[in-house]
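Just below is one structure, and these are the notes that go with it.
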Amino acid sequence: MFALKKTFPPDFLWGTATSAYQVEGGIFNDWSAAGHDAGTGVAHAERYLEDFEWAQSLNTNAFRLSLEWARLEPQEGVWDSEAEAHYLRVFAALKAANLEPMVTLFHFTLPIWFAAKGGWTRSENGVYFQRFAERVAECFGHCARLWITLNEPMVYVFKCFDEGLWPPFVKDRRVALKVFQNLLKGHTLAYHSLHASAKQIQVGIAKNFTLLEPLNHLNPLDQLQAYFQDRIFNRAFVIALMEGHFEMILPGAGKITVPFDPAMRGSLDFLGVNYYTRFRVNAQGAHLTPHNAPHSDLGWEIYPEGLLKVLQLAQSLTAARDLPLYITENGLADASDLLRGPFLTTHLAQLAQALRAKIPIKGYFYWSLLDNFEWAEGYGPRFGLLDAERRLRPSAKLYQSLIQAAQAEPLRPS
Ligand code: IFM
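Here you go:
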């Protein structure tokens, strides 16, 4: 076993991650309206007390959740007091279970009224997200220290507006670029609104980092494709938030420009890293996984070394301000649960190596506590440490003991 002891600081956050639409149930939003209805979810909205007991029993001390905008503001400007009371009860339950909340505002889903206004495709709509952030800060700002404005903004851009696989099912690169810019603006507005009303909070984003490597390292065309894809998918959003502007020429899409905005510059207090897999990129830009590579039920390669690589990348992107990093998601679709144990052990070994290399990682959140609604894939993929009936999988016990081992002999300041 790798050295867990003496590697993890005593205040390290060990958690699991969820999002509202994927677990709560009974939500009407742009996804349900578009025929991707999560239905009753896994009834987390009713069973959250029990779920937090499970999370506590696994030795975790943190929990990542999102607030469903469509529940809190089901009609434009109309705030649902029962939904607010519900989330206040959720925060109270987290506190009682000694689980530090990490709270996301936008995790892929929108109120129907906001989608009808054009959602993120229109720059003037950023003010609605800003107003949502203000309301959230007023109601819940005292309940949490760690806030995430946007989950995986570039996944959202590509899935919804380039590949056209998620609502609103658009395949238009020009629209995708607009959404990229509007999400940056929306983040910036929400970042400052959250800080204006809630004190002593930290605000970041959860950024998906997918390793994009040339299929053939000796083929310059593969290299070029991998380079451009990595720059736009993994780096652009973070560079823009760090520097307040961004420019690049993207073959096939032309010049991408995010003009300088002083309010955007430095609007990150930490960076969340979501890591799942690596893709090999060929000269046509397709993503491939070698047949013999170990992979999840979704066909995603299991590549633990990639965690260290993306943490190094995240550190280099944020080095100018020495930002703290959190692994806000890392997990595996594995119905058999045979691979999840080794997945956890090998990824945590890479995390331990990153900590020893002084990468400032403050927490790790496994995706997910429970099996849940995996977007266009529905309920098929099983990412949970628990299944939907709340039966603990063997890998959950392993996670529990790995956390215990890591906490057993905490680092003492030298
Ligand atoms: O389920 C998703 C989550 O909503 C965002 N990150 C990736 C997970 C697994 O695909």
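FYI, my numbering numbers position 13 of the sequence shown as 137, with every residue one higher than the one before it. Beta carbons are placed, not taken as given, at the ideal position from N, Cα and C, and that holds for glycine.
With a threshold of 7 Å (Cβ to nearest heavy atom), would residue i be considered close to the ligand IFM?
i: residue 398; result: yes
i: residue 420; result: no
i: residue 193; result: no
i: residue 156; result: no
i: residue 143; result: yes
i: residue 498; result: yes
i: residue 491; result: yes
i: residue 507; result: yes
i: residue 275; result: yes
i: residue 160; result: no
i: residue 146; result: yes
i: residue 168; result: no
i: residue 471; result: no
i: residue 453; result: yes
i: residue 231; result: yes
For the alpha helix (DSSP H) holding residue i, just list the boundary residues, first then last.
i: residue 236; result: 236–240
i: residue 343; result: That residue, residue 343, is in no alpha helix (DSSP H); it is neither H nor E in DSSP.
i: residue 285; result: 277–285
i: residue 430; result: 429–442
i: residue 462; result: Careful: residue 462 lies outside any alpha helix (DSSP H) and carries neither H nor E.
Nearest CA to the CA of residue i: which residue from the options?
i: residue 444; options: 217, 489, 366; result: 366
i: residue 318; options: 381, 156, 266; result: 266
i: residue 509; options: 416, 489, 132; result: 489
i: residue 438; options: 138, 525, 170, 483; result: 483
i: residue 330; options: 392, 207, 440, 504; result: 392
i: residue 466; options: 426, 371, 487; result: 426
i: residue 472; options: 463, 527, 511; result: 527
i: residue 428; options: 525, 454, 130; result: 454
i: residue 463; options: 153, 170, 224, 519; result: 519
i: residue 422; options: 397, 501, 461; result: 501
i: residue 184; options: 156, 194, 137; result: 137
i: residue 517; options: 149, 300, 179, 153; result: 179
Is residue i buried or exposed, if buried means 16 or more other CB atoms sit within 10 Å of its CB?
i: residue 395; result: buried
i: residue 97; result: With the chain covering only 125 through 538, there is no way to say anything about residue 97.
i: residue 142; result: buried
i: residue 494; result: buried
i: residue 89; result: Shown here, the chain extends from 125 to 538; a query on residue 89 therefore has no answer.
i: residue 408; result: exposed
i: residue 522; result: buried
i: residue 296; result: exposed
i: residue 168; result: buried
i: residue 190; result: buried
i: residue 353; result: buried
Is residue i close to chain C? Criterion is C-beta to C-beta, closer than 8 Å.
i: residue 507; result: No chain C appears in the structure shown, which is made up of a single protein chain.
With respect to the beta strand (DSSP E) encompassing residue i, which residues constitute its N-terminal and C-terminal limits?
i: residue 260; result: Looking at the DSSP string, residue 260 is not in any beta strand (DSSP E); the run it does join, the alpha helix (DSSP H), is 250–264.
i: residue 225; result: 224–230
i: residue 388; result: Per DSSP, residue 388 belongs to no beta strand (DSSP E) and is neither H nor E.
i: residue 382; result: 378–382
i: residue 486; result: 485–491
i: residue 139; result: 137–141
i: residue 359; result: From DSSP, residue 359 is part of no beta strand (DSSP E); its letter is neither H nor E.
i: residue 190; result: 186–190
Run the proximity test for residue i: is its beta-carbon closer than 7 Å to any non-hydrogen atom belonging to the ligand GTP?
i: residue 411; result: Absent from the structure shown: the ligand GTP. Ligands present: the ligand IFM.
How do the stretch 287–306 and the stretch 335–354 stand: do at least 3 beta-carbon pairs fall below 8 Å, yes or no? no
Any contact of the stretch 198–217 with the stretch 252–271, i.e. 3+ C-beta pairs under 8 Å? yes
Quick check: the stretch 442–459 against the stretch 411–418, are there 3 or more CB pairs under 8 Å? no
Touching or not, the stretch 382–397 and the stretch 297–311, by the rule of three or more beta carbon pairs under 8 Å? Enough Cβ pairs lie closer than 8 Å, so yes.
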